[in-house]
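J.:
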Amino acid sequence: MEEQFIKPTERGQVTIPKEIREKLQINQNTRLRVYVDGNKVVLEPVSPLDLILKELEVEAREKGFTRQELDKEIAMVRERLMKELYSEGQ
1 MEEQFIKPTE RGQVTIPKEI REKLQINQNT RLRVYVDGNK VVLEPVSPLD LILKELEVEA
61 REKGFTRQEL DKEIAMVRER LMKELYSEGQ
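So for the sequence shown, full-length UniProt numbering puts the first residue at 1; every next one is plus one.
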């Protein structure tokens with residue numbers, strides 16, 4: 001993919017070139033994460049799962065759970081689901 005140059009509008013908006021949008025499957029419903037990395041502005045697509053996990057993390061923090069407790073609970077649920085999935089087929 002060839003490098004392209006874009007220019008922000010007065011309001012700071014930029015248009016992602018069509019070639020890039022198509023390659024990354026970005027459309028009007030795609031959520032993007034934006035952050036600064038050194039002297040770069042980075043835009044990256046966010047999966048729906050990332051959004052759900054972020055909401056769960058915020059809710060868990062509000063209820064006083066630590067990150068370690070949350071990770072432990074997720075591991076337990078994952079293990080239980082795996083057992084249920086693979087036990088049914090036997």
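For glycine and all other residues, C-beta sits at the position ideal for the given N, C-alpha and C.
What does the alpha-carbon distance come out to for the pair residue 119 and T66?
T.: Shown here, the chain extends from 1 to 90; a query on residue 119 therefore has no answer.
J.: Within this structure, are the beta carbons of P45 and L56 separated by less than 8 Å?
T.: No; because the gap between Cβ atoms is not below 8 Å, this pair is not in contact.
J.: Taking Cβ positions, are I6 and P17 nearer each other than 8 Å?
T.: yes
J.: In this structure, does DSSP put V14 in helix, strand or coil?
T.: In the structure shown, V14 sits in coil (DSSP, three-state: anything other than H, G, I, E or B).
J.: Below 6 Å CB to CB, which residues in the same chain sit around V42 once its five sequence neighbours on both sides are set aside?
T.: Y35
J.: If we ignore side chains and look at the alpha-carbon of each, how far apart do G38 and T15 end up?
T.: 22 Å
J.: From which residue to which residue does the alpha helix (DSSP H) around P48 run?
T.: Counting along the chain, P48 sits inside the alpha helix (DSSP H) bounded by residues P48 to E62.
J.: Hey, residue 125 and A60 are a contact pair by Cβ (cut 8 Å); roughly how many whole angstroms apart?
T.: The shown model of the chain, from 1 to 90, leaves out residue 125, and the question about it has no answer.
J.: What whole-angstrom Cβ distance do E22 and M1 have, given they're in contact under 8 Å?
T.: With a Cβ gap of about 10 Å, E22 and M1 do not count as contacting.
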